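Colleague:
Numbering (our numbering), first residue to last: 1008 to 1288.
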């Protein structure tokens, strides 16, 4: 015997209605005649997954639909929201209009289930005397499988833009370089004497991204450098708040879908966050 219970979405009703409206517009554009779920039911299904990380099997059971239909419905919600995510160029223009004197960029690892996809590097095997390929999505820094997402934030740490996903093995500066629009857009921003703050993970692009002074090998930092680093890190660290705000959505704490979907999931979560708080930049 199944026992039903009542649950409440931790989102404003206006956000749910907005998502349902986007789904209705998509159905109309596709010429959809009938679906197993109404637009509102599909919106609730997707938002439950985002906010609570509810298993798709449970979502299917609760809505009396098949698992395949539940997955299809979820992916449609993700894609519909992600399509509303702002472009970086537009975000930076809006940030200038808003009067932001600097922005920050930081990478975050979105954890995934274990992914057995070989990467370009090798490591010594523990069981046999040979070298094996290291998993593409394995992050040696974090000791976890995951995808790297670059997040651009306002001075107070508000997330304004998220990138497409890169494999977890890539460092932040490598992931940044892999996105064709990021470096040109950030360089244009700094051309007006507006800094982009980052941690030492972006040292390789220090001409565009302002980072702290790295301690020289076998040497020490001067008192002036230490003071400058402290001031820089106090301001830059606020940008890490953006990662925490995005990961309020439990779906971004651990993704069990294909890791290639992480970029769209992050973009969809960004749109939901902006809707929820009525703020973009």
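Even glycine gets a Cβ: it sits at the ideal position worked out from N, Cα and C. Treat the numbers as computed from the prediction; the structure is a model and nothing was measured.
Report buried or exposed for residue 1026, applying the criterion of at least 16 other Cβ atoms within 10 angstroms of its Cβ.
Modeller: Buried, since its Cβ has 16 or more Cβ neighbours within 10 Å.
Colleague: Touching or not, the stretch 1267-1280 and the stretch 1063-1077, by the rule of three or more beta carbon pairs under 8 Å?
Modeller: The stretch 1267-1280 is not in contact with the stretch 1063-1077.
Colleague: Taking buried to mean at least 16 other C-beta atoms within 10 Å of its own C-beta, is residue 1021 buried or exposed?
Modeller: Under this definition residue 1021 is an exposed residue.
Colleague: So for residue 1288, helix, strand or coil by DSSP?
Modeller: Looking at residue 1288 - three-state DSSP - the assignment turns out to be coil, as it is neither helix nor strand.
Colleague: Tell me whether the beta-carbon of residue 1160 lies closer than 8 Å to the beta-carbon of residue 1110.
Modeller: Yes, these two residues count as a Cβ contact at 8 Å.
Colleague: Taking the C-alpha atoms as reference points, what is the distance between residue 1227 and residue 1215?
Modeller: The alpha-carbon atoms of residue 1227 and residue 1215 are separated by roughly 25 Å.
Colleague: Less than 8 Å between the C-beta atoms of residue 1178 and residue 1208, yes or no?
Modeller: Contact: yes.
Colleague: Would you say residue 1058 faces chain B, with C-beta separation under 8 Å as the test?
Modeller: Going by chain labels, chain B is absent from the structure shown, which holds only one protein chain.
Colleague: Specify, as a first and last residue, the run of the alpha helix (DSSP H) that residue 1035 falls within.
Modeller: Looking at the DSSP string, the run of the alpha helix (DSSP H) that includes residue 1035 is 1020-1037.
Colleague: Given that a residue counts as buried once 16 or more other Cβ atoms are within 10 Å of its Cβ, and exposed if not, what is residue 1037?
Modeller: Exposed is the call here.
Colleague: What did DSSP end up calling residue 1117 once you bin it into helix, strand or coil?
Modeller: DSSP places residue 1117 in strand when its eight states are reduced to three.
Colleague: Who are the Cβ neighbours of residue 1221 in its own chain at under 8 Å, not counting the five residues just before and after it?
Modeller: Cβ neighbours of residue 1221 beyond the five flanking positions: 1207 and 1210.
Colleague: Which residues in the same chain have their Cβ closer than 6 Å to the Cβ of residue 1261, if we skip the five residues on either side of it in sequence?
Modeller: Excluding sequence neighbours, residue 1261 sits near 1118.
Colleague: Measure the Cβ-Cβ separation of residue 1054 and residue 1104 and say whether it is below 8 Å.
Modeller: Taking 8 Å as the Cβ cut-off, residue 1054 and residue 1104 do not qualify as a contacting pair.
Colleague: For residue 1033, collect the residues of the same chain with a Cβ closer than 6 Å to its Cβ; drop the 5 residues on either side in sequence, then sort them by chain order.
Modeller: Around residue 1033: 1087.
Colleague: Note down, one range per segment and in chain order, each alpha helix (DSSP H) of at least 4 residues found wholly within the stretch 1135-1222.
Modeller: Within the stretch 1135-1222, the complete alpha helix (DSSP H) runs of at least 4 residues are 1179-1185 and 1189-1197.
Colleague: For residue 1169, is the classification buried or exposed, using 16 other Cβ atoms within 10 angstroms of its Cβ as the cut-off for buried?
Modeller: Buried, by the Cβ-count rule.
Colleague: Where does residue 1010 land, buried or exposed, given buried means 16+ other C-beta within 10 angstroms?
Modeller: Result: exposed.
Colleague: Would you check if the distance between the CB atom of residue 1102 and the CB atom of residue 1288 is smaller than 8 Å?
Modeller: Contact flag set, yes.
Colleague: With distance defined between alpha-carbon atoms, name the residue in 1085, 1064, 1145 and 1184 nearest to residue 1112.
Modeller: The residue with the shortest Cα to Cα distance from residue 1112 is 1184.
Colleague: Please return the same chain residues whose Cβ sits closer than 7 Å to the Cβ of residue 1018, not counting the five positions on each side in sequence.
Modeller: Cβ neighbours of residue 1018 beyond the five flanking positions: 1054, 1058 and 1283.
Colleague: Mark residue 1223 as exposed unless 16 or more other C-beta atoms lie within 10 angstroms of its C-beta, in which case mark it buried.
Modeller: Its Cβ having fewer than 16 others within 10 Å, residue 1223 is exposed.
Colleague: Mind checking who residue 1111 pairs with in its DSSP beta bridge?
Modeller: Residue 1111 is bridged to 1160 and 1204.
Colleague: So for residue 1262, helix, strand or coil by DSSP?
Modeller: In this structure, residue 1262 counts as strand in the three-state DSSP scheme.
Colleague: Are the stretch 1143-1151 and the stretch 1234-1250 in contact at 8 Å, needing three or more beta carbon pairs?
Modeller: The stretch 1143-1151 is not in contact with the stretch 1234-1250.
Colleague: Which residue marks the beginning of the alpha helix (DSSP H) containing residue 1236, and which one marks its end?
Modeller: That run of the alpha helix (DSSP H) goes 1230-1243.
Colleague: By how many angstroms is the C-alpha of residue 1188 removed from the C-alpha of residue 1195?
Modeller: About 11 Å.
Colleague: Report, in whole angstroms, the separation of the C-beta atoms of residue 1204 and residue 1246, which I expect to be a contact under 8 Å.
Modeller: Residue 1204 to residue 1246, Cβ: 6 Å. Contact.
Colleague: Determine the burial state of residue 1080: buried for a count of at least 16 other Cβ atoms within 10 Å of its Cβ, exposed for fewer.
Modeller: Buried is the call here.
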